[in-house]
Amino acid sequence: MILVWGADSGAYMFGKLFGKHKLAPKVSPGKTWQGFIGGLATAAVISWGYGMWANLNVAPVILLICSVVAALASVLGDLTESMFKREAGIKDSGHLIPGHGGILDRIDSLTAAVPVFACLLLLVFRTL
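Heads up: the sequence shown at position 4 corresponds to 10 in our numbering, and the numbers run straight through without jumps.
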(Lines of atoms letter the chains of each structure in order from A and count residues from 1; the text may use other names and numbers.)
(Lines give C-alpha, C1' and ligand atoms only; values in the text may rest on other atoms or scores of the structure.)
Protein backbone atom coordinates (compact mmCIF):
# COMPACT_ATOMS: atom_id res chain seq x y z
CA MET A 1 0.00 0.00 0.00
CA ILE A 2 2.87 2.35 0.81
CA LEU A 3 4.31 1.74 -2.65
CA VAL A 4 1.07 2.67 -4.42
CA TRP A 5 0.29 5.67 -2.25
CA GLY A 6 3.90 6.83 -2.55
CA ALA A 7 3.73 6.51 -6.33
CA ASP A 8 0.43 8.44 -6.35
CA SER A 9 1.98 11.19 -4.21
CA GLY A 10 5.10 11.31 -6.38
CA ALA A 11 2.98 11.52 -9.51
CA TYR A 12 0.96 14.35 -8.01
CA MET A 13 4.04 16.34 -6.97
CA PHE A 14 5.93 15.81 -10.23
CA GLY A 15 2.78 16.58 -12.21
CA LYS A 16 2.20 19.83 -10.31
CA LEU A 17 5.84 20.90 -10.64
CA PHE A 18 6.65 19.77 -14.18
CA GLY A 19 3.39 18.64 -15.80
CA LYS A 20 2.90 19.97 -19.30
CA HIS A 21 1.77 17.03 -21.43
CA LYS A 22 -1.57 15.37 -20.64
CA LEU A 23 -1.52 11.60 -20.20
CA ALA A 24 -5.19 10.84 -20.90
CA PRO A 25 -7.02 14.18 -21.23
CA LYS A 26 -10.45 12.73 -22.02
CA VAL A 27 -10.37 10.29 -19.10
CA SER A 28 -8.39 12.13 -16.42
CA PRO A 29 -7.43 15.66 -17.47
CA GLY A 30 -5.25 16.30 -14.42
CA LYS A 31 -2.80 13.48 -15.13
CA THR A 32 0.38 14.28 -17.04
CA TRP A 33 3.20 12.25 -18.56
CA GLN A 34 5.62 14.04 -16.25
CA GLY A 35 3.56 13.00 -13.25
CA PHE A 36 3.40 9.45 -14.57
CA ILE A 37 7.20 9.26 -14.86
CA GLY A 38 7.57 10.92 -11.45
CA GLY A 39 5.25 8.34 -9.90
CA LEU A 40 7.26 5.48 -11.39
CA ALA A 41 10.49 7.06 -10.15
CA THR A 42 9.01 7.47 -6.67
CA ALA A 43 7.93 3.81 -6.68
CA ALA A 44 11.46 2.83 -7.70
CA VAL A 45 12.99 4.85 -4.84
CA ILE A 46 10.55 3.37 -2.31
CA SER A 47 11.27 -0.13 -3.60
CA TRP A 48 15.03 0.36 -3.48
CA GLY A 49 14.86 1.83 0.03
CA TYR A 50 12.69 -0.99 1.32
CA GLY A 51 14.89 -3.60 -0.35
CA MET A 52 17.96 -2.18 1.39
CA TRP A 53 16.24 -1.93 4.76
CA ALA A 54 14.41 -5.29 4.77
CA ASN A 55 17.36 -7.42 3.61
CA LEU A 56 15.13 -9.65 1.49
CA ASN A 57 16.35 -12.80 -0.19
CA VAL A 58 15.78 -11.35 -3.65
CA ALA A 59 17.93 -9.31 -6.00
CA PRO A 60 17.18 -5.57 -5.67
CA VAL A 61 16.60 -5.31 -9.42
CA ILE A 62 13.86 -7.99 -9.23
CA LEU A 63 12.08 -6.10 -6.45
CA LEU A 64 12.49 -2.89 -8.45
CA ILE A 65 10.93 -4.46 -11.56
CA CYS A 66 8.01 -5.89 -9.55
CA SER A 67 7.43 -2.50 -7.94
CA VAL A 68 7.48 -0.55 -11.19
CA VAL A 69 5.10 -3.05 -12.82
CA ALA A 70 2.77 -2.70 -9.81
CA ALA A 71 2.98 1.09 -10.12
CA LEU A 72 2.03 0.79 -13.80
CA ALA A 73 -0.95 -1.36 -12.79
CA SER A 74 -1.95 1.27 -10.23
CA VAL A 75 -2.08 3.95 -12.93
CA LEU A 76 -4.19 1.67 -15.12
CA GLY A 77 -6.54 1.02 -12.19
CA ASP A 78 -6.89 4.75 -11.56
CA LEU A 79 -7.51 5.53 -15.23
CA THR A 80 -10.02 2.67 -15.54
CA GLU A 81 -12.02 3.93 -12.57
CA SER A 82 -11.90 7.47 -14.00
CA MET A 83 -13.13 6.16 -17.35
CA PHE A 84 -16.09 4.40 -15.70
CA LYS A 85 -16.99 7.59 -13.81
CA ARG A 86 -16.78 9.71 -16.98
CA GLU A 87 -19.00 7.28 -18.87
CA ALA A 88 -21.54 7.38 -16.03
CA GLY A 89 -21.34 11.19 -15.74
CA ILE A 90 -20.13 11.02 -12.13
CA LYS A 91 -17.45 13.35 -10.79
CA ASP A 92 -16.72 11.62 -7.46
CA SER A 93 -17.43 8.05 -6.37
CA GLY A 94 -18.80 9.25 -3.03
CA HIS A 95 -18.71 11.96 -0.39
CA LEU A 96 -17.54 10.00 2.64
CA ILE A 97 -14.05 11.55 2.50
CA PRO A 98 -14.42 15.30 1.79
CA GLY A 99 -11.96 16.57 -0.81
CA HIS A 100 -10.90 13.08 -1.89
CA GLY A 101 -13.83 12.02 -4.02
CA GLY A 102 -14.93 8.94 -2.10
CA ILE A 103 -13.66 5.56 -1.03
CA LEU A 104 -13.31 4.13 -4.54
CA ASP A 105 -11.26 7.16 -5.58
CA ARG A 106 -8.86 6.40 -2.71
CA ILE A 107 -8.46 2.70 -3.50
CA ASP A 108 -8.78 2.53 -7.30
CA SER A 109 -5.02 2.26 -7.74
CA LEU A 110 -4.77 -0.43 -5.06
CA THR A 111 -7.45 -2.62 -6.65
CA ALA A 112 -5.19 -3.09 -9.67
CA ALA A 113 -1.72 -2.89 -8.11
CA VAL A 114 -2.06 -5.23 -5.12
CA PRO A 115 -3.03 -8.38 -7.07
CA VAL A 116 -0.35 -7.69 -9.70
CA PHE A 117 2.35 -7.14 -7.06
CA ALA A 118 1.25 -10.21 -5.08
CA CYS A 119 1.35 -12.44 -8.18
CA LEU A 120 4.77 -11.12 -9.19
CA LEU A 121 6.18 -11.72 -5.71
CA LEU A 122 4.71 -15.24 -5.64
CA LEU A 123 6.42 -15.97 -8.95
CA VAL A 124 9.71 -14.52 -7.74
CA PHE A 125 9.79 -16.33 -4.40
CA ARG A 126 8.67 -19.65 -5.91
CA THR A 127 11.62 -19.58 -8.31
CA LEU A 128 14.19 -18.85 -5.58
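Idealized CB from N, CA, C, for every residue including glycine.
Would residue i be called buried (16 or more neighbouring beta carbons within 10 Å of its own) or exposed?
i, result
"Cys125", "exposed"
"Ala65", "exposed"
"Lys32", "exposed"
"Gly41", "buried"
"Val67", "exposed"
"Gly55", "exposed"
"Lys91", "buried"
"Leu9", "buried"
With DSSP as the reference, label residue i as helix, strand or coil.
i, result
"Lys28", "strand"
"Lys37", "strand"
"Lys22", "helix"
"Val130", "helix"
"Ala50", "helix"
"Ala77", "helix"
"Met89", "helix"
"Met7", "coil"
"Gly95", "coil"
"Ala119", "helix"
"Ala65", "coil"
If the criterion is Cβ atoms closer than 7 Å, does the pair residue i and residue j meet it?
i, j, result
"Ala79", "Ala118", "yes"
"Gly83", "Ser115", "yes"
"Ala76", "Val122", "yes"
"Ala50", "Leu70", "yes"
"Thr48", "Gly21", "no"
"Gly45", "Gly25", "no"
"Ser34", "Ser73", "no"
"Ala13", "Leu85", "no"
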